[in-house]
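All remarks here apply to the structure that follows.
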Amino acid sequence: MCHPDWVASVGEGARADVPLADGGSLPTWRYVPDGAATARPVLLLPDIYGPLPFYRHLAELLADAGHPVALVDLFHHEGPLDDPTDREQAFARLACHDVVRAVDEAEQAAASLAVTGRPTGVLGFCIGGQQALVLAARRADLVTLTYYAFTEGLPRPVARPAPRPIDLTTALNGPILGFWGDQDYIPVEAIARFGEAAEDAGVDHDIRILEGAGHGFLQGIVEDRGDSAVAQLAWAEGRRFLAEHLAGHGEPLAAGRSRSAP
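Structure follows, in structure tokens:
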């Protein structure tokens, strides 16, 4: 599930936690461009393994493109995994996870990056993709990019589940761009249902289902794999989407528009 196995020497980012309403703090690593930022910030929500080197690498890439990035650890209440690559440990921790609380904390992180009238990016993967879509139903100032997001709930039990994105489509705020693979264990039919519901609600959205790609396919941008070409394309398209909607550190938030999924 997702990206536990890729390890490389990447920057840790500057630790600057987000203060929370309950008096605690959300572990957060900041990645900033060399020189002045040329684009609006991005909140990065990782998968069930947390802020792994893979996500730190993506944060560096986005910072190189001019975006300040905040990478957060929404599993801090449950504590770190003894083995950050152990799938069963990750699922056991997930079973104790309060996803509603995690989304609340992610929203506070988004608010800490927000400037009135200007957009903030949210990039989410897997469970982080689900959380990003829930945030898009709560806030009207987000530009939302997801990879293999769960649209009809998580496949494993959790302590307290968040709302299913498909049940929130009438509240969703665009623009939203989502990528899934047709070989994912998330059914293509579920993705289609989400796209149809978003279309019916008039949400500015773009749903991409990629041939031959499975869950976690974006690993192909850091490893030579059979899905690397698809991964590189999806990452390039995602970066262009963020650049289009978040360009200019001081640019005002443009009005959304409805667009049908292809």
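So in full-length UniProt numbering, spot 256 of the sequence shown is number 256, and the numbers just go up one at a time. Ideal placement from N, C-alpha and C gives every residue a C-beta, glycine not left out.
- Per the DSSP secondary-structure output, V115 pairs in a beta bridge with R118.
- Residues of the same chain with a CB within less than 7 Å of the CB of A197, apart from the 5 flanking positions on each side, are I166 and T169 in chain order.
- Excluding its 5 nearest sequence neighbours in each direction, L94 has C-beta neighbours in its own chain below 7 Å: I48, R156 and V158, listed in chain order.
- With a 10 Å radius around the Cβ and a threshold of 16 neighbouring Cβ atoms, Y31 comes out buried.
- In the three-state reduction of the DSSP assignment, T151 falls in the coil class, being assigned neither a helical nor a strand state.
- Under the 10 Å beta carbon count, P80 is surrounded by fewer than 16 other beta carbons and is classified as exposed.
- For L210, the enclosing beta strand (DSSP E) starts and ends at H205 to L210.
- Secondary structure of R160 (DSSP, three-state): strand.
- Going by DSSP, F241 is part of the alpha helix (DSSP H) stretching over S228 to L246.
- Comparing alpha carbon positions, the residue from C96, L113 and F217 closest to A149 is F217.
- Pairing Y55 with L44 gives a Cβ-Cβ distance under 8 Å.
- In the structure shown, R15 adopts extended strand secondary structure according to DSSP, grouped into three states.
- Excluding the 5 residues flanking it on each side, E211 has same chain C-beta neighbours closer than 7 Å at D182, in chain order.
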